[in-house]
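Heads up, the thing below is written out as structure tokens.
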Amino acid sequence: MFLIYLKMKKHNKSIKSNLQSKPSRLTVIVKTTHDCNLGCVYCYTNPNAEKGIMDSNDLFNMINKISENNREAGSSHLIWHGGEPLLPGIDFYKEIINIQENVKKIIKGHKYRNSIQTNGTLLNSEFLDFFQEQKFKIGLSLDGNEYTHNLNRHYKDGSTSFDDVFSAITELKKRKMGRGVICVLNKNTASNLKDIYRFFKENEIYPQMNVQIPSGRALDNKELGLTPKEFGESMIELFDMWFYDNSKPIIEIDPFADIIKNLSNYRNKNKDDEYPTGCSFRNNCANSFISVTPGGNVYPCGRFAGDSKFYMGNINKGSIEEILSSDVHQKFLKRHDEGIKSCKPCEYKPICNSGCPDNAFLFHENILTKDGYCEGYKMLFKYIENAVKKQIGVNMKNG
Amino acid sequence: MAEKNEKLKTKSLEKEVEFMGVKLKPNNLTNIHLKRIVVNMCESDYKFRYKDYDDHERTKWKDDFRKKYHEEYKEYSEYGDYSDWKNNRWDDYRCVHPDDQ
Chain B
22 MFLIYLKMKK HNKSIKSNLQ SKPSRLTVIV KTTHDCNLGC VYCYTNPNAE KGIMDSNDLF
82 NMINKISENN REAGSSHLIW HGGEPLLPGI DFYKEIINIQ ENVKKIIKGH KYRNSIQTNG
142 TLLNSEFLDF FQEQKFKIGL SLDGNEYTHN LNRHYKDGST SFDDVFSAIT ELKKRKMGRG
202 VICVLNKNTA SNLKDIYRFF KENEIYPQMN VQIPSGRALD NKELGLTPKE FGESMIELFD
262 MWFYDNSKPI IEIDPFADII KNLSNYRNKN KDDEYPTGCS FRNNCANSFI SVTPGGNVYP
322 CGRFAGDSKF YMGNINKGSI EEILSSDVHQ KFLKRHDEGI KSCKPCEYKP ICNSGCPDNA
382 FLFHENILTK DGYCEGYKML FKYIENAVKK QIGVNMKNG
Chain X
89 MAEKNEKLKT KSLEKEVEFM GVKLKPNNLT NIHLKRIVVN MCESDYKFRY KDYDDHERTK
149 WKDDFRKKYH EEYKEYSEYG DYSDWKNNRW DDYRCVHPDD Q
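As you go down the protein sequences, you meet chains B and X in turn.
Under our numbering, the first residue of the first sequence carries the number 22, and numbering increases by one thereafter.
Under our numbering, the first residue of the second sequence carries the number 89, and numbering increases by one thereafter.
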């Protein structure tokens, strides 16, 4: 422990001098390992992604450098991701807290937020007690009811995972530690949306709907992917179930509320600069995130991990500023700053900002193009806007 | 500060926000999802607008506001209101840090 403290003091001194122009607060998506105990049909992990588990040296350098980078902001957020982030075991997380506690002795008052995105199958009471004590935010992955979840998310030997994940979310709810899940939209789930909505509502689980993207193992299961139009149609179908359901219990489905708020701000006379929200829509993901993999390699986002075209540097070598000066990062900034020409005439450009660079790359092999799901998003934005305006009109007339 | 806080004490709980270009209050809405979104927007707006005010007065207003509008969401608020739920999940994916909200 003392050695770590000394190492940090030395590191702290050396870094103080070269922080003239600080980038904004960065959140780190930490790819603790790319290994996983599940074999989901759509896993987007690049087969060339770094092997093994992040070691102590990577952890130490990453937490130090990001904390230093975020010193003025006063806090750092680390999202522990994978692969399956619980595979490294509980001692891995105890070490993280130790390092953070030690950094706090040097950067006085610095706060940490730790979030973890896990498949839930390894979330035993030891992990839960520790995460509860350390105030980790926990998100699980649950693809709807037992039938749809098991179609998409099973163990590597083919056995089903629903029971394990469902007991994990039940325990999380019991402890009031969260009820949020990621639910992936593909042919298996899109064809069962009524049952899935009913399941989430009955169990008061709040899903964030993510579309299956054509990457990693999903390329072997292309037939399960949705076209942009199918994506839009499925989201509209789900929106209708949610929006016109006033009965309790009420659940949230991401990103519907975000889209409504973004549309509202766009149509308001007095616009709030904080909008649009949503990492795909905000137009500042490159200024807000980096992803670090086992071995310390840095990418713009976890989606790009393992793709050498998007390698920005290594956390064990050089400063965050040096990593952010890479050509890759500059290209992402160019996308934000200059925008995509073909999007300029689009009515929804201000709330979409050409969408996700990875979705652009996956469809067009170039991040300087629009999100591959553009057609679906446009359908969804238009539909939601009309539905909301109609409701306001009805309410205003009645009011 | 004292003058500011006095003003805050008289601030109505019938807060109005601009939504889709229309000025409205949460109670103008019957759709529960829109109502909840607008309640949340009122709170966020308030949090920003009065961030340099006295904490005690801010909290009091917020508590009163929540009592008024979250009463009907009792089972839901057991897990926190809309913004608490958001903070528990994906604020950073939305590129908004909770400390900035």
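For glycine and all other residues, C-beta sits at the position ideal for the given N, C-alpha and C.
At least 9 Å separates the CB of valine 127 of chain X from every CB of chain B. In this structure, the CA atom of proline 270 of chain B is about 26 Å from the CA atom of leucine 149 of chain B. A check of alpha carbon separations from serine 312 of chain B across B:Gly141, B:Tyr133, B:Ala326 identifies B:Ala326 as the nearest. Listed along chain X, the residues sitting closer than 8 Å to phenylalanine 264 of chain B by beta-carbon distance are Asn119, His121. Using a 10 angstroms sphere on the CB of serine 346 of chain B, the tally of other CB atoms stays under 16, which defines it as exposed.
Bounds of the beta strand (DSSP E) holding arginine 134 of chain B are 132-138. In this structure, DSSP gives threonine 314 of chain B a state outside helix and strand, which the three-state scheme calls coil.
Segment contact: the segment 294-301 of chain B against the segment 249-256 of chain B, fewer than three CB-CB distances shorter than 8 Å; contact not assigned. Cβ-Cβ separation between methionine 129 of chain X and valine 105 of chain X: approximately 5 Å, consistent with a contact (criterion under 8 Å).
DSSP places tyrosine 287 of chain B within a helical segment (H, G or I) once states are collapsed to three. Contact between isoleucine 344 of chain B and methionine 83 of chain B fails: their C-beta atoms lie close to 11 Å from each other, not under 8 Å. By the neighbour-count criterion, in which 16 or more other beta carbons inside 10 Å mark a residue as buried, serine 77 of chain B falls on the exposed side.
Nearest to asparagine 374 of chain B by alpha-carbon distance, out of B:Asn380, B:Ser301, B:Thr314, B:Gly323, is B:Ser301. Neighbours of serine 285 of chain B across chain X, judged by C-beta separation under 7 Å: Phe107, Met108.
Rounded to the nearest angstrom, the gap between the Cα atoms of glutamate 147 of chain B and isoleucine 111 of chain B is 8 Å. The DSSP-derived three-state label of glutamate 93 of chain B is coil.
For the C-beta of glutamine 412 of chain B, the chain X residues within less than 7 Å are, from N- to C-terminus, Asn119, Leu122.
In this structure, lysine 391 of chain B and glycine 376 of chain B form a Cβ contact; the two beta carbons are roughly 6 Å apart against a cut-off of 8 Å. One thing to note: proline 235 of chain B has its Cβ no nearer than 9 Å to the Cβ of lysine 222 of chain B. Alanine 189 of chain B sits close to glycine 141 of chain B, with the two beta carbons spaced by under 9 Å. Within the DSSP secondary-structure output, isoleucine 74 of chain B pairs in a beta bridge with B:Thr54.
Spatial neighbours of lysine 103 of chain X in its own chain (CB-CB distance under 6 Å, excluding positions within 5 residues in sequence) are listed in chain order as Cys130. As computed with DSSP, lysine 158 of chain B is found in a beta bridge with B:Ser136. Less than 9 Å divides the Cβ of tyrosine 168 of chain B from the Cβ of asparagine 213 of chain B. A direct Cα-Cα distance of roughly 6 Å separates asparagine 166 of chain B from isoleucine 217 of chain B.
The way I'd put it, the segment 124-140 of chain B does touch the segment 100-114 of chain B; three or more beta-carbon pairs between them come closer than 8 Å. Contact of asparagine 67 of chain B with chain X is not assigned, every C-beta pair being separated by 9 Å or more. Counting only residues of its own chain and dropping the five nearest sequence neighbours on each side, glycine 73 of chain B has a CB closer than 6 Å to the CB of Pro315. Taking a Cβ-Cβ cut-off of 7 Å, the neighbours of valine 409 of chain B in chain X comprise Met108, Leu122, given in sequence order.
Counting C-beta atoms within 10 angstroms of its own C-beta, glutamate 273 of chain B has 16 or more neighbours from the protein chains shown and is therefore classed as buried.
Among the residues of chain X, none has a CB under 9 Å from the CB of asparagine 374 of chain B; the nearest is roughly 11 Å distant. Taking each of B:Asp164, B:Ile127, B:Gly393 in turn and checking the Cα distance to glycine 253 of chain B, the smallest one comes out for B:Gly393.
As computed with DSSP, lysine 111 of chain X is found in a beta bridge with X:Glu106.
In this model, tyrosine 398 of chain B and isoleucine 372 of chain B are separated by some 11 Å (Cα to Cα). Contact holds between the segment 167-187 of chain B and the segment 54-69 of chain B, because three or more Cβ pairs, one in each stretch, are under 8 Å apart. Threonine 118 of chain X sits exposed, since fewer than 16 C-beta atoms from the chains shown fall within 10 Å of its C-beta.
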